[in-house]
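A.B. asks: Chain order of the listed sequences is A and B. With the first sequence counted from 1, adding 560 to any position gets you my numbering. With the second sequence counted from 1, adding 499 to any position gets you my numbering.
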Amino acid sequence: MSAADFGGRGAGGMPNHGELGEEIFAAFDPRIVRRFLAFVKPYRWDVVRVLAAVVIFVGTQVSIPLAIRYAVDDALDRNGRVPYDVIILGFLALIIVNAVSSFFQERSAAILAQRVIFDLRRAMFVHLQHVAMSFYDRTHAGRIMSRIQGDVNSLQEFLETSVQSIGDSFLLVGIAVALIIMDWRLALLTLTSVPVLVVIRAMWLPWAKKVFRLARDASSIVNGTLAENISGVRTVQEAQRESFNLARFQERAFFSFRAQIRSAWAAQIMIPTVDILTGVAQAIVVIVGGASVMSGHLAVGVMIAFIFYVQRFFDPIRTLSLQYTVLQRAMAAGHRIFEVLDVPEQAADNRGAAELPRDFVPSVELRNVTFGYKPGVPVLHDLSFKVEPCQVVALVGQTGSGKTSVTALVHRFYEVWSGEVLVGGRNVKDIKRDSLGRAVAMVLQEPFLFSGTIFENIRYSSAAATRDEVIAAAKAVCAHEFIVKLPDGYDTDLEQRGQNLSIGQRQLLSFARALVADPKILILDEATASIDSFTEQSIQRALRVLMSGRTSIVIAHRLATVRDADNIVVLRDGVVAEQGNHESLLRQGGLYAGLCQRNYASFDDQDVRPLDIGNR
Amino acid sequence: MNKQAKQKIKSCARWLINKVGLDITLTDLQRTGTVDLRALPHVLSRIVARAGKHKTRLTLAIVATLGAAIVTLIIPHLLGVAVDQAHALLGAGNVHGAEARRALWATAIFLVVTATARGLLTMVSSYQCEWIGQKIAYDLRLEFFDKLQQLSFNYHDSVHSGDLITRGMLDLEGVRMFIENGVQKALTLGLLLVVGAYLMLRTDPLLAVLAFSFVPFVGWRALRTGLFLRLTWTRLQQRMSILTRTIEENLNGVRVVRAFAAEPHELSKFDECANEALAMSNHRIVVRTRAVSSMTFAFYLSMGLVLWIGGHRVIHGRISVGHLTQFLTFMTLLQMPVRQIIMIVNTAARAVASGSRLFEILDREPTIRDRPNASDLVITNGLLKFEDVGFAYESGHDDALKGVSFELRPGRVLGIVGAPGAGKSTLAHLIPRFYDVTAGRITIDGQDIRDVTLRSLRSAVSLVPQDVFLFASTIADNISYSHPQIEEEHLIESSATADIHNYVKDLPESYATILGERGVGLSGGQRQRMSIARGLVPRPTILVFDDATSAIDAATEQRVRTALRQFTDRQAVVIISHRISSLRHADEILVLDNGCVIERGTHRSLVAANGRYAALYAMQSEAAVVPARDMLAPYEKAAS
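In structure tokens form, the structure reads like this:
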């Protein structure tokens, strides 16, 4: 038995759960069990079958020593009632049943556990597709991931071992019953060692848990330091921090080493305890049993069987008590998993919500919209403006002025507090979500690409799009040129979501993706990252192609984009400060004119509290 | 022999091979990197050699393991004796009651003593093995960390950082687990088998042979399944990581997913990955349970044989019941280790694969390091000179730089402009010697930078890189990264020059604010200004900005530039940018194209020359509102 078996340290200290501070052991909670059982329910007949196999398996396990005893007794009894070879044949049958049931119980149980785990993971994934957007604002994707993977895995560990522990419990009961049937006095005497073990473990556990926890935390700190140093190795070398960092790493690694050794010690201390108790129990059998044999109360075979059983008796106890920590961790994991499943879903469509007709008039209007992310802190105040069909509207304003919120509302990522958002003259709540999704496409500031080929990325969810359509879209946004230069053209795999492409190229691909989706309304958050002048020109050209014939709302960062807009809406603190085209706004000499002056070619990098240029 | 017959033999052989289960070919195992049989002796011996460094503990562990195994074997013997005693007494009809009882007591006490000894010895051997394993992991971890810091940029360019992190975490664990678990278990099993065989053979050769008849089958089966399981395990891991990636992308890209109403599409992607992973996982389960069940069956079968033949011998009075009990008890003892063989093989295979991945890095020598007689760089003046410098990332590839020459005196600014891929960044990285030139030479005050120590060179040169890497630590730690002991005054001076001080000082925790995932997020421009401050802290002789202001807005950049001018009046500055506004004030500007300098001069002369630079300038000015006039001028007045 190694320390790792105790489960307190995960896979040698890999941080399974994202947060160090999160509780890794939790108390038993029947509600979690009940909810979990709902996932097992579809497989209840499989469970019955597995349990049957377990019972048969344990039965054979318990019977094998009995059979041996019987055989030995028979061999000693010169005038045996049953021929010895027949007993051996019986033994053969027994071990065949044992092998078959062993295979069946282990296989079915493990597969069953896998199925349940995959179902659970799928349920989480499906749920996450429908949770309210505000959840993603508050929660880092890494934390959700650690629940979907880390916690689901701890649950899997529990499920797989729990089959074994069911078997162990049966085995324990089986052995106890067999002992009692054979000779109840001797049995009770032998079993007195069990409560002793239970008491010792109960005293050991709280201390050991603390030690394991410490080791686990120390190890994840070491791994975190290593990972950071690898990711930032260039900075390390630039700053000549090698020896300093090595010394610091050594300190942490040494601390972790000591913590691991302590936890090894905590785990190992239980080994002699169990062994000594086994020895004591066997000694009792020898003395008392031997005396009974001498006085003729006990057959020799029974004594042999007793010795065998005692040998086996302590293994299940040991594994069962290990199971306790696994159970606690599974409880904690289950708690966190159901927390994810309980995240409220996005608001449902209004009753009677319909699809947008194919030929709807693509206008967008915000009517007296008030909205915020935190209760009591509105971001948009009674905001109203209208975008006429096929117009381009540029939203301009400093960080925090509410530009992104406006676009998110058009897509109904959030629900307005008051007022209305109208698309095609209809309240977005009265439009079916997927229909709205098809009508309105969004290009984000940070172009987000998925793993897969370039072709798959451009086509994305428009499964019906042909290769020709994809190529045509790429050509239209000036992406074709660089795509065909890549090693496999459109079939080039994007490494790490396109990190092998420049940001400008990724931007062009996300334009092509929007073009293939062919929405009537386009929402575009212009990239802030500076793009070299050469790509910049392609992007400006692509933008014009993309926006032509569509109603477009652009969060603009570049003067070049803003200038060409039909209407410029300048937002400040969630209200429309100014509206009009480039020339008229410049003439007004207000906020917009100030922004233009301050930012030569872009509106970026405002510190959190920007200068109030408008009042200057 | 004709062809047909040959083919028939071949196909027969193949069938046979498949039948006996050699269907996993060595190439299969090697291709997936699960087991490298050629590396096996080499890697294992290196791992064992590391264990050998801890002689006392290792000896203690082996002796304890041996002792535990022997004691384990004594126990069945004792039980056999006890049974025989009881039986003999039974036969004798309870005549020597007291004597017999004394004998039983002696056996019982001896049982308790041996059980205690076994427990303590096992504990000692497990503890020592774990200690050695942890110590080896600790040493390897430090060596790995150190080596990665030493390896040059060209190595880090060629590997994925995620891969290195995996090696440093999981592969290290693989090696450790082998020392900790595999060695002890293998040792115990081996010793049990050898000593057991000796004792058994002495007692009854025929029964001994029968008792061990399962060993060849189980050994072969374990080896095969162990290797096969590693293969399926690796494949399962691959599928699981694809699944993880799919989920992760879905979460990170949730806005794209919803913007395109792509939930059904995402779900179908998920299902595809998940089903593949599930199928692989089920396959693995079946392989494992089949092996374990058949091995246990083989074991019980030989137990049955012992029982059968042994029983007959007892019937015919050739051996005592005690002997038979001894055999049977011994076999029960083997039951656990036998079940663990697959694990041992698996652990060893993993250790070999992991070990070879680790040693591959530890054996690598950094390409850039001090020459044998390198002396410290002596700065007399601070003159940087490129003499016909050429560079290629890999030999045989196109040159990234060709024949670049320039001279930069202290207090002067050199601007470098060019399209992406023209070689601007490459040039910047050559100055602190992150790469070595492949032609020509770079000198500082007449000393070839390859002849001076890296430490002195890099202290004199600061490179502010294009991509900012911030550590999950405080702002102060990040800025003073190169000089952690720096005085606060000095720190503030640097950050004020980079125009980040005003922002930082207004944060609730000022310079003690934690950055990173769970800390404050910074905008791209703020990150870059942080990085500039970091570059100023060491007070370098030569300062290189590699497109370090691309996300900073023009007005702020202007402020930074003015402050810098005061800061760097005695320093040589290289500014690389694709934005002309960033470098138009430079004393000399080089225009790079395809690694060659195609134009050089001041802003004024280059615009007048009407070449590539002038075209670029026109293109960038066109985006501005009023190209004819410097838009910054009015703002600068207002700000001051």
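C-beta atoms are modelled at their ideal positions from N, C-alpha and C, and glycine is treated no differently.
With DSSP run on the structure shown, which of helix, strand or coil describes Thr665 of chain B?
C.D. replies: helix
A.B. asks: Tell me, which residues are paired with Pro938 of chain A by DSSP?
C.D. replies: For Pro938 of chain A, which the question treats as bridged, DSSP gives the partners A:Gly932.
A.B. asks: In three-state DSSP terms, what is Ser855 of chain A?
C.D. replies: coil
A.B. asks: Leaving aside the five residues before and after Gly1109 of chain A along the sequence, list all residues of the same chain whose C-beta is less than 8 Å from its C-beta, in chain order.
C.D. replies: Cys950
A.B. asks: Straight-line CA distance for Glu582 of chain A to Gly861 of chain A?
C.D. replies: The predicted position of Glu582 of chain A is uncertain, since its pLDDT is 44 and thus under 50; a value taken from the coordinates is nonetheless stated next. Between Glu582 of chain A and Gly861 of chain A, the C-alpha separation is close to 54 Å.
A.B. asks: Just the chain B side, please: which residues come within less than 7 Å of Ala935 of chain A by C-beta, in chain order?
C.D. replies: Here residue 935 of chain A turns out to be Pro, not Ala, going by the sequence shown. Chain B residues near Pro935 of chain A: none, gap ~23 Å exceeds 7 Å.
A.B. asks: Starting from Phe652 of chain B, trace the alpha helix (DSSP H) both ways and give me its first and last residue.
C.D. replies: 652-657
A.B. asks: Can you tell me whether DSSP reads Ser1022 of chain A as helix, strand or coil?
C.D. replies: coil
A.B. asks: Let me see if you follow: with CB-CB separation under 8 Å, is Met1107 of chain A close to chain B or not?
C.D. replies: no
A.B. asks: Does the beta-carbon of Thr996 of chain B have 16 or more other beta-carbons within 10 angstroms, so that it is buried, or is it exposed?
C.D. replies: buried
A.B. asks: With a floor of 4 residues, list each alpha helix (DSSP H) that falls wholly inside the stretch 733-763 of chain A, ordered by position along the chain.
C.D. replies: As far as the stretch 733-763 of chain A is concerned, its whole alpha helix (DSSP H) runs of at least 4 residues are 744-751.
A.B. asks: As a quick exercise: from B:Thr665, B:Pro1007, B:Glu629, pick the residue whose alpha carbon is nearest that of Gln736 of chain B.
C.D. replies: Shortest Cα-Cα distance from Gln736 of chain B to any of B:Thr665, B:Pro1007, B:Glu629 involves B:Thr665.
A.B. asks: According to DSSP, is Leu503 of chain A part of a helix, a strand, or is it coil?
C.D. replies: The requested residue 503 of chain A does not occur in the structure, where chain A is confined to residues 561 to 1176.
A.B. asks: Have a look at B:Val612, B:Asn845, B:Tyr1116, B:Arg911 and flag the residue whose alpha-carbon is nearest the alpha-carbon of Ala554 of chain A.
C.D. replies: A question about residue 554 of chain A goes unanswered here, because the residues of chain A that appear run from 561 up to 1176.
A.B. asks: Identify the continuous beta strand (DSSP E) that holds Ala907 of chain A and give its terminal residues.
C.D. replies: Taken as a continuous stretch (DSSP letters only), Ala907 of chain A belongs to no beta strand (DSSP E), as it is neither H nor E.
A.B. asks: Judging by CA-CA distance, which residue of B:Ala852, B:Leu722, B:Ala550, B:Lys901 is the nearest neighbour of Thr925 of chain B?
C.D. replies: B:Lys901
A.B. asks: If you draw a straight line from the C-alpha of Thr967 of chain A to the C-alpha of Ile1083 of chain A, how long is it?
C.D. replies: 7 Å
A.B. asks: Of all the options B:Ile574, B:Leu647, B:His659, which has the alpha carbon lying nearest to the alpha carbon of Gly488 of chain B?
C.D. replies: Outside the shown range of chain B, which is 500 to 1139, sits residue 488 of chain B, and nothing can be said about it.
A.B. asks: Examine chain B for any beta-carbon lying closer than 8 Å to the beta-carbon of Ile671 of chain A, and answer yes or no.
C.D. replies: Closer than 8 Å: yes.
A.B. asks: Taking Cβ to Cβ, would you say Val1000 of chain A is nearer than 8 Å to Pro1079 of chain A?
C.D. replies: yes
A.B. asks: Would you say the stretch 976-992 of chain A touches the stretch 1141-1151 of chain A, given that touching needs at least three Cβ pairs under 8 Å?
C.D. replies: no
A.B. asks: Let me know the secondary structure DSSP gives Asn1175 of chain A once reduced to three states.
C.D. replies: Low local confidence applies: a pLDDT of 29 at Asn1175 of chain A is under 50, so the model's placement there is unreliable, with the coordinate-based value given in what follows. If DSSP states are grouped into helix, strand and coil, Asn1175 of chain A belongs with the helices.
A.B. asks: Please list the segments of the alpha helix (DSSP H) lying wholly inside the stretch 968-1007 of chain B, counting only runs of 4 or more residues, in order along the chain.
C.D. replies: 974-978, 987-996, 1000-1004
A.B. asks: Mind checking whether Ser1022 of chain A and Ala1077 of chain A have CB atoms under 8 Å apart?
C.D. replies: yes
A.B. asks: DSSP three-state call for Cys628 of chain B: helix, strand or coil?
C.D. replies: helix
A.B. asks: What residue from B:His553, B:Leu647, B:His982 has the CA that sits closest to Leu663 of chain B's CA?
C.D. replies: B:Leu647
A.B. asks: Taking just the CA atoms, how far does Val618 of chain A sit from Leu719 of chain A?
C.D. replies: 19 Å
A.B. asks: Give, in chain order, every unbroken run of the beta strand (DSSP E) that is at least 3 residues long and sits entirely within the stretch 850-928 of chain B.
C.D. replies: 883-890, 900-907, 912-917
A.B. asks: Rounded to whole angstroms, what is the Cα-Cα separation between Gln506 of chain B and Phe652 of chain B?
C.D. replies: 54 Å
A.B. asks: Check whether the Cβ of Pro919 of chain B lies closer than 8 Å to any Cβ atom in chain A.
C.D. replies: True, the Cβ-Cβ gap to chain A drops below 8 Å.
A.B. asks: Could you check if Ala594 of chain A is buried or exposed, using at least 16 other CB atoms within 10 Å of its CB as the buried criterion?
C.D. replies: Going by the sequence as given, residue 594 of chain A is Arg instead of Ala. Arg594 of chain A is exposed by the Cβ-count criterion.
A.B. asks: Confirm, please, whether the CB-CB distance from Tyr1116 of chain B to Glu1098 of chain B is below 8 Å.
C.D. replies: no
A.B. asks: Using a Cβ cut-off of 8 Å, pull out every chain B residue sitting near His971 of chain A, in sequence order please.
C.D. replies: Arg757, Ala758
A.B. asks: So, at 7 Å on beta carbons, what are the nonlocal neighbours of Val1105 of chain A in its own chain, with the 5 sequence-adjacent residues on each side left out?
C.D. replies: Ala1036, Val1037
A.B. asks: When we look at the beta-carbon of Gln825 of chain B and count the other beta-carbons within 10 Å, is it buried (16 or more) or exposed?
C.D. replies: buried
A.B. asks: If contact means a Cβ-Cβ distance below 8 Å, which residues of the stretch 804-815 of chain A contact chain B?
C.D. replies: Those would be Phe804, Asn805, Leu806, Phe809, Gln810, Ala813, Phe814, in chain order.
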